[in-house]
Amino acid sequence: MGTLVTASGLVKKYGDVVAVAGIDFEIREGECFGFLGPNGAGKTTTVRMIHCVSPVTSGTLLVGGLPAGIDNRVLKKMTGVIPQEINLDIDLTVKENLVIFARFFDIGRAEANVRVAELLRFVELEAKAAAKISDLSTGMKRRLLIARALINRPRLIVADEPTTGLDPQARHLIWQRLRQLKTQGATLILTTQYMEEAQQLCDRIVVMYQGRILKEGTPGRLVEEEIGREVVEIRTPPEDDARIRGHLSGFDCAHERVGDTLYFYCRDGHGVMKKLLELDLPNTLNRPATLEDVFLKLTGRSLHE
Ligand SMILES: Nc1ncnc2c1ncn2[C@@H]1O[C@H](COP(=O)(O)OP(=O)(O)O)[C@@H](O)[C@H]1O
Ligand SMILES: [Mg+2]
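Using the working numbering, the letters of the sequence shown map in sequence onto residues 12 to 316.
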């Protein structure tokens with residue numbers, strides 16, 4: 012599979028603010044590539060450079076072999092953008108929002124009507140075609156943004172936090188649609204603060220923090236390498252740590268104390284739980300390790316605000 016996007020030494024500054032601090036990554040044709048990170052990590056800044064609305068400060072950024080620049084019409088034509096902000100035209104109906112967008116891409120009226128009908132069906136908004144934007148729920152608005160991003164049948168789809176603030180039903184519907192687009196052959200670039208979203212959708216991810224990339228890999232491998240397979244959480248006061256750790260000395264686990272919780276990262280969570288029964292601890296939990304654990308390990312479990 013070919014490479015669609017290549018960044019090397021990519022930097023973006025806003026005056027003195029370094030939003031992206033020199034990052035390297037490669038996105039392959041046909042994959043879903045995720046930028047995972049908290050607010051302010053530099054995710055939106057990075058994808059805005061990829062879809063050619065924000066100039067690169069330094070470094071190189073190639074999309075489809077061409078330098079990404081704000082006047083690159085070829086790249087704009089092959090890209091569909093689902094923005095983080097809901098920037099629909101509130102003076103227009105649902106359908107009109109799509110028709111206007113088709114005009115930006117010089118799609119003829121008859122063809123636009125065909126595509127609009129097809130896309131409204133795809134995002135399950137046919138019944139809302141004539142509705143005003145103000146009558147839509149947030150989930151519907153986000154689905155309309157997806158439809159709008161697809162009007163030019165893009166090869167590359169950039170989705171910037173497509174499910175932030177949505178309830179679980181709305182979120183799952185959007186996940187299904189994004190996966191469907193990938194199955195149809197599109198390359199997907201996703202940004203998200205949600206570890207579960209990255210795990211659900213992405214083939215490969217980078218963990219971004221303060222303008223830098225901390226790690227890259229497949230979600231499964233990152234979890235396995237950084238954490239292990241399982242996490243045992245024990246809610247106890249720190250005075251118990253030495254006794255519990257001594258009791259588990261036969262197991263190959265890393266451990267960490269954060270606030271009221273002692274964490275063990277291990278392969279054999281079941282064995283650890285069994286052994287812990289002998290100590291009669293009140294509150295223990297064994298669960299699979301997730302990307303969230305990786306993320307917290309890389310960026311620290313305490314708040315930095
Ligand atoms: N237009 C802008 N002007 C100045 N600073 C900006 C601008 N856009 C983003 N930033 C800053 O760049 C950093 C990264 O922001 P952003 O890319 O939006 O992060 P994310 O999308 O991961 O939340 C933040 O510190 C943010 O305040
Ligand atoms: Mg953002």
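Think of the CB as a built atom: it goes at the ideal place given N, C-alpha and C, for glycine as much as any other residue.
Within the DSSP bridge table, the entry for Ile97 names no partner.
Distance from Ala158 to Ile168 at the Cβ level is roughly 12 Å; contact not present, criterion being Cβ atoms closer than 8 Å. Straight-line spacing of the CA atoms in Val127 and Val110 works out to 7 Å. Taking 3 residues as the shortest admissible run, the stretch 213-242 contains the following complete beta strand (DSSP E) segments, listed from N- to C-terminal end: 215-220, 223-228.
Annotation: Asp102 to Lys139 spans about 15 Å, alpha carbon to alpha carbon. DSSP places Leu302 inside the alpha helix (DSSP H), whose first and last residues are 302-310. Relative to the non-hydrogen atoms of ligand 2, the Cβ of Glu303 never comes closer than 8 Å to any of them.
Listed in chain order, the alpha helix (DSSP H) runs fully inside the stretch 24-99 are 54-61, 84-89, counting runs of at least 4 residues.
DSSP places Phe275 in the strand class (E or B) of the three-state scheme. In the structure shown, Pro299 falls within a strand segment according to DSSP collapsed to helix, strand and coil. Ile34 sits close to Met219, with the two beta carbons spaced by under 9 Å.
Val242 is not a Cβ neighbour of Tyr205, given a cutoff of 9 Å. Not one heavy atom of ligand 1 falls within 8 Å of the beta-carbon of Asn98.
Apart from sequence neighbours up to five positions away, the residues of its chain that approach Pro94 with a beta-carbon distance below 6 Å are Asp171, ordered along the chain. The three-state reading of DSSP puts Arg268 in strand, counting E and B together. If you check the C-beta of Val125 against ligand 1, you find no heavy atom less than 8 Å away. With respect to the C-alpha of Glu42, the residue from Glu137, Ser148, Thr198, Thr174 having the closest C-alpha is Thr198.
Asp263 and Arg278 have their alpha carbons spaced roughly 8 Å apart.
Arg223 places its beta carbon less than 9 Å from that of Ala32. As computed with DSSP, Asp102 is found in no beta bridge at all. If you compare the alpha carbons of Lys226, Pro248, Gly282 with that of Gly45, the shortest gap goes to Lys226. Between Ile144 and Val105, the gap from beta carbon to beta carbon is short of 9 Å. In this structure, Thr174 has its beta carbon at no less than 8 Å from each heavy atom of ligand 2.
Of the candidates Arg59, Arg39, Leu309, Glu37, Arg59 places its Cα closest to the Cα of Ala30. For the 9 Å CB-CB criterion, Arg84 and Val134 do not form a contact. Distance check between Asp27 and each of Leu21, Thr14, Thr68, Cys63 places Thr68 closest, using alpha-carbon atoms only. By the CB criterion at 9 Å, Pro173 and Leu155 fall outside the cutoff. Here DSSP, grouped into helix, strand and coil, assigns Leu156 to helix.
Residue selection by CB proximity (closer than 5 Å to any heavy atom of ligand 1) returns Tyr25, Val28, Ala30, Asn50, Gly51, Ala52, Gly53, Lys54, Thr55, Thr56 in chain order.
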